[in-house]
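One structure is given here, and the rest of the page talks about it.
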Amino acid sequence: MSSPAKKRKRNAPESTPQQTRSIASFFQGQATKKTEQAANSENKLADTAHDTEQTLSDEALARKLQKEWDEEESSLASTTQDPEPTTSTTTTTSTPPVTLTEDPKSKAQKKNTLSLQSSTGMEDTISLSIPLDQSPLAFDAASYAEELQSHWAAEGGDATYALLTRAFVLANATTSRIRIVDTLVNFLQVLIKGDPSSVLPAVWLATNSISPPYKEVELGLGGSSISKALKKVYGLNSQGLKALYDRHGDAGDVAFEAKKKQSFTLARPKPLKIKGVYESLLKAAMSKGQGSQETKQRIVEKLLQDARGAEESRYIVRTLVQNLRIGAVKTTMLIALARAVVHSKPRGAEFSVHPQQDLARLKKDELSEIYAHAEEIVKASHARHPNYNDLVPCLLNIGASEELLVQCGLQMHIPLRPMLGSITRDLSEMLTKLQGRDFSCEYKYDGQRAQVHCDESGKVSIFSRHLEQMTDKYPDLVSLVPQIRGKSVSSFILEGEVVAVNRETGELLSFQVLTNRSKKNVEIGDIKINVCLFAFDLMYLNGEPLLDRPFRERRELLRGLFVEIPNQFTWVKSLDATSADSETVLEFFKSATDVKCEGIMVKVLDNNSDPPPINPQTEEIPSNDLTTAYPYLKPDEEGKTKIPTKEKSTRRKPLLSTYEPDKRLDSWLKVKKDYTTSSETLDLIPIAGWHGQGRKAKWWSPTLLAVRNPDSGSLEAVTKCMSGFTDKFYLANKEKYAEGSTNLISRPSYVEYPGEPDVWFEPQEVWEMAFADITLSPTYRAAIGLVSDERGLSLRFPRFLKVREDKSVDEASTGDDLAVLWRKQGERSRLEGEPEPANNGMEM
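For what it's worth, full-length UniProt numbering labels the leading residue of the sequence shown as 1, then goes sequentially.
Below, the structure written as structure tokens:
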């Protein structure tokens with residue numbers, strides 16, 4: 001790191017047009033307010049500072065000037081016969097950083113007294129001592145909130161960022177999902193009691209976002225902005241910054257180390273506030289047009305300047321790069337919010353909370369029931385109305401009650417999270433699951449899922465499955481809406497699949513063709529790729545939500561009240577059937593794949609709360625072409641095919657046909673042509689890599705892949721892969737995860753893997769992987785507890801197929817998916833009379 005003297009030379013007027021105030025000028029500015037006699041001393045002081053500036057360090061210079069200033073004050077005191085002022089000089093060791101500030105206690109007596117303070121004294125020691133990771137049943141939120149309120153009052157009244165930093169530090173220090181949730185619950189409790197107005201910005205900051213996904217609000221900060229700020233604020237040069245990044249691999253950790261090594265600041269910064277940090281981020285995101293980058297740069301620098309302590313610096317930078325790495329996902333925050341209002345409420349709120357001593361006396365299952373009820377309501381509200389700006393104030397006002405679903409429920413032009421279908425690996429499994437029920441089979445088109453909103457005024461909004469705005473992308477669909485809604489329709493929310501089509505012939509085109517269509521500022525006259533909207537569900541009609549209506553009723557309303565326009569707006573092709581119609585279903589599936597569809601979706605038509613009993617050992621369906629498509633199914637002497645069931649229970653759970661936002665249920669099943677082949681596939685997340693050997697030495701090979709654990713939010717390593725990649729892909733992958741880029745991170749706390757790869761990848765994409773079979777593993781933790789309490793599952797001979805650009809990380813395969821395939825593999829082996837795969841852990 002450059003010395004302070006060298007830094008002062010670089011900041012000289014001849015080297016840069018940006019002026020930096022020197023230490024000497026600071027003292028000179030103080031001396032100009034004195035009498036003419038003091039002015040003479042000021043000149044002497046300035047000369048001395050100028051002579052020594054090039055040779056003394058900042059701390060030495062400060063001490064020298066302080067001593068001369070004390071001598072001057074003594075001289076002035078004897079001349080004017082004023083009482084001798086008290087000087088405050090606190091010496092520090094050479095290790096901690098030093099801060100020069102005016103002594104606030106003596107400022108009223110004399111304005112020019114300076115003190116040297118260790119920056120460790122600048123940190124919020126009260127917040128840093130609060131045990132937020134305690135059990136909420138033992139945590140005394142009220143007393144901590146009262147103590148903090150008096151502390152915050154001296155600093156302006158609002159909750160400081162130090163408390164949020166404390167929660168981040170404790171969450172990052174553990175891999176326990178329970179401990180992370182407890183930490184967030186206690187943190188929210190303190191805010192609810194001490195500063196309720198800071199709860200909302202704290203939730204946004206803790207979820208690593210500043211706005212809902214359907215609002216196009218992005219920080220727009222590049223790595224260069226943060227690098228410049230780190231160099232300017234913490235006195236780093238390019239070489240020093242690179243050395244830190246090479247050593248730590250995480251921008252937040254670089255800021256942590258740089259802050260610890262920072263040698264000198266002129267003024268004690270005001271503490272960062274939770275509200276202030278969030279408002280700064282919003283200001284940066286809203287800054288557009290000429291001069292916006294300079295504005296954003298100043299905001300970043302101000303945040304780093306005001307950070308007190310190295311941990312605040314770490315999490316400010318991690319927030320700026322949108323990679324908090326605290327192991328908290330969306331579900332974790334919703335659980336924490338729900339539990340927090342079970343324990344605490346703001347002053348003046350009318351909803352009731354459970355006294356802590358009463359909760360502590362409950363049995364574990366009784367407490368879990370209370371928590372689960374609150375969590376289900378909060379999750380359901382967020383799934384229908386995914387905007388914390390509306391959810392959090394409403395929750396703090398009425399608590400986690402059923403009324404929350406009314407006040408913060410389905411609303412026009414706010415997308416609800418789509419319902420998802422469970423995966424079935426073949427038609428026989430689907431028929432087994434839906435035995436005895438009426439269902440509808442629908443073509444699963446190879447397009448883009450779309451949610452269309454239209455209000456009474458005719459305003460139209462279109463959202464993707466990830467809730468992103470697509471209205472500008474499809475002006476042709478927007479112009480189509482007045483033509484498709486019937487006379488009795490005033491407002492609606494419907495869902496469908498947008499598919500590229502040949503408008504003349506009606507031929508369906510591939511998803512790759514659709515991706516070539518422009519995404520922004522599309523003019524109808526310029527459109528070259530035509531689309532058709534295949535509608536399949538109706539969730540809202542004329543001001544009334546339809547989510548609780550059966551699928552059969554929703555479908556009838558959709559097809560009865562809307563107008564079909566060939567090759568522009570129509571319904572998904574469908575077939576109503578039961579499990580007895582297996583041959584018809586198979587033919588329908590074949591027809592779907594013949595016209596370039598991905599497969600079929602199968603949906604329960606009616607709410608059947610009392611499903612028929614099943615044979616505890618097997619279910620029987622008539623033998624037909626299923627045995628041709630799936631040779632491991634063997635008909636018996638009577639010509640019937642027996643499919644082993646997974647459970648020996650004679651009663652099944654009811655499958656409801658309601659629309660359940662953000663849930664993946666067996667009442668919707670998908671059967672894709674990919675799943676019906678003899679080789680199964682999984683959608684895995686690349687999370688780490690090793691330096692290759694031999695010809696692959698310049699690339700990452702092998703790559704570590706993981707499945708999701710949706711309950712804990714963690715990623716569970718499942719296999720290493722080094723097969724199926726082309727040289728071109730290897731090169732692109734190496735560039736994407738280049739050393740020094742933000743796509744490489746330090747070891748994440750949310751990854752379950754005992755080994756140490758050479759590099760860790762930022763989880764951001766999904767790869768489709770084929771494999772030979774699944775084996776129990778002593779090394780990999782994927783699906784542990786689902787098939788074995790001691791071993792996880794791994795893949796043998798994995799092979800890369802393609803990047804799933806249509807899937808986000810949240811849609812990757814889970815440990816449950818892996819366990820299902822493991823059980824199916826065992827069933828298939830027994831049916832074919834073959835030995836099951838060895839469980840010796842010999843995986844890649």
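Think of the CB as a built atom: it goes at the ideal place given N, C-alpha and C, for glycine as much as any other residue.
Owing to the predicted nature of the structure, the values given are computational and were not obtained by experimental measurement.
Skipping 5 residues on each side, what residues in its chain have a beta carbon closer than 6 angstroms to that of Ser-490?
Excluding residues within five positions, the ones whose Cβ falls inside 6 angstroms are Glu-456 and Asn-542.
May I have the straight-line CA-CA distance separating Asp-662 from Arg-554, to the nearest angstrom?
For Asp-662 and Arg-554, the distance between alpha carbons rounds to 18 angstroms.
Around the Cβ of Gln-798, are there at least 16 other Cβ atoms within 10 angstroms (buried) or fewer (exposed)?
Sequence check: residue 798 is Pro here, not Gln. Pro-798 is buried by the Cβ-count criterion.
Round the Cβ separation of Leu-184 and Ala-336 to the nearest angstrom and send it over; I've been treating them as touching at under 8 angstroms.
Confirmed, Cβ separation roughly 4 angstroms.
Using a threshold of 8 angstroms, state whether the C-beta atoms of Val-501 and Cys-532 are closer than that.
The answer is yes: Cβ separation under 8 angstroms.
Which of helix, strand or coil does DSSP assign to Ile-774?
It is a strand residue.
Residue range of the beta strand (DSSP E) that Ile-687 falls in?
Here the beta strand (DSSP E) through Ile-687 covers 681-691.
Less than 7 angstroms between the CB of Ala-285 and some heavy atom of the ligand MN, yes or no?
Looking for the ligand MN in the displayed structure turns up nothing, as the structure carries no ligands at all.
Here's a check: name, in chain order, each residue in its chain whose Cβ is nearer than 6 angstroms to the Cβ of Trp-699, leaving out the five neighbours to either side.
These residues qualify, in order along the chain: Gly-692, Tyr-730 and Lys-734.
What is the rounded straight-line gap between the Cα of Val-671 and the Cα of Asn-397?
About 44 angstroms.
In whole angstroms, give me the CA-to-CA distance for Met-412 and Ser-176.
Cα to Cα, Met-412 sits roughly 39 angstroms from Ser-176.
Excluding the 5 residues flanking Arg-485 on each side, which residues of the same chain have their C-beta closer than 8 angstroms to its C-beta?
For Arg-485, where only same-chain residues beyond five positions count, the Cβ hits under 8 angstroms are Cys-454, Phe-492, Leu-561, Phe-562 and Val-563.
Any idea what DSSP makes of residue 853, helix, strand or coil?
Given a span of 1 to 844 for the chain in the structure shown, any question on residue 853 remains unanswerable.
Please classify Ile-524: is it buried, with 16 or more other beta-carbons within 10 angstroms of its beta-carbon, or exposed?
Its Cβ having fewer than 16 others within 10 Å, Ile-524 is exposed.
Measuring only the C-alpha atoms, how far is Val-604 from Glu-301?
So the alpha carbons of these two residues sit roughly 56 angstroms apart.
Which value, in whole angstroms, describes the spacing of the CA atoms of Val-277 and Tyr-161?
The straight-line gap from Cα to Cα measures roughly 8 angstroms.
So the candidates are Leu-557, Tyr-445 and Ile-527; which of them puts its Cα closest to the Cα of Leu-509?
Out of Leu-557, Tyr-445 and Ile-527, Tyr-445 has the C-alpha closest to the C-alpha of Leu-509.
So who's on the other strand from Val-460, going by DSSP bridges?
Its beta-bridge partners are Cys-454.
Tell me which same chain residues have a C-beta within less than 6 angstroms of the C-beta of Ala-39, skipping the five on either side of it?
The pLDDT assigned to Ala-39 is 46, lower than 50, so where the model puts this residue is not dependable, and the model offers no usable value.
Among the candidates Asn-607, Val-460, Asp-158 and Ala-338, whose CA atom is the shortest distance from the CA of Arg-549?
The residue with the shortest Cα to Cα distance from Arg-549 is Asn-607.
Leaving out the 5 sequence neighbours to the left and right, which residues in its chain are closer than 8 angstroms to Leu-405 when beta-carbon positions are compared?
Excluding residues within five positions, the ones whose Cβ falls inside 8 angstroms are Ile-377, Ala-380, Ser-381 and Arg-384.
Considering only residues of the same chain and omitting the five flanking positions on each side of Val-392, which have a CB-CB separation below 8 angstroms?
Cβ within range, chain order: Val-199, Leu-200, Val-203 and Leu-337.
Please report the Cβ distance between Ser-127 and Leu-163, rounded to the nearest whole angstrom; I am assuming they are in contact, meaning their Cβ atoms lie under 8 angstroms.
So it is a contact: roughly 4 angstroms between Cβ atoms.
Buried or exposed: Ser-518, going by 16 or more other Cβ atoms within 10 Å of its Cβ?
With fewer than 16 Cβ atoms within 10 Å of its Cβ, Ser-518 is classed as exposed.
Are the stretch 148-160 and the stretch 365-377 touching, with three or more C-beta to C-beta distances below 8 angstroms?
No, the stretch 148-160 does not touch the stretch 365-377.
Taking Ser-269 as the reference, give the member of Glu-257, Lys-261, Gly-309 and Asn-237 with the closest Cα.
Reading the sequence as shown, one finds Pro at residue 269 and not Ser. Measuring from the Cα of Pro-269, the nearest candidate turns out to be Gly-309.
How would you label Ser-488, buried or exposed, when you count the other beta carbons within 10 angstroms and need 16 or more for buried?
Exposed.
Counting pairs of Cβ atoms below 8 angstroms between the stretch 680-695 and the stretch 808-825, do you hit three or more?
They touch, by the three-pair rule.
Whose C-alpha, out of Lys-802, Leu-219, Glu-762 and Leu-434, is nearest the C-alpha of residue 845?
It is not possible to answer for residue 845, since the shown part of the chain is limited to 1 through 844.
What's the gap between the Cα of Phe-511 and the Cα of Arg-552?
In a straight line, the C-alpha of Phe-511 is about 29 angstroms away from that of Arg-552.
How is Gln-825 classed by DSSP in three states: helix, strand or coil?
Helix, per DSSP.
What does DSSP give as the partner residue(s) for Trp-571 in the beta ladder?
Its beta-bridge partners are Ala-535.
May I ask you to list the residues that DSSP assigns as paired with Cys-394?
DSSP output for Cys-394 lists no bridge partner at all.
Taking the alpha carbon of Ser-401 as the point to measure from, which residue in Lys-330, Pro-386, Tyr-371 and Lys-736 has its own alpha carbon closest?
It is Tyr-371 whose Cα lies nearest to the Cα of Ser-401.
Relative to the C-alpha of Ser-657, which candidate in Leu-434, Trp-822 and Asp-581 has its C-alpha closest?
The shortest C-alpha separation from Ser-657 is found at Leu-434.
Which residues does DSSP list as the beta-bridge partners of Tyr-540?
Per DSSP, Ile-493 and Pro-545.
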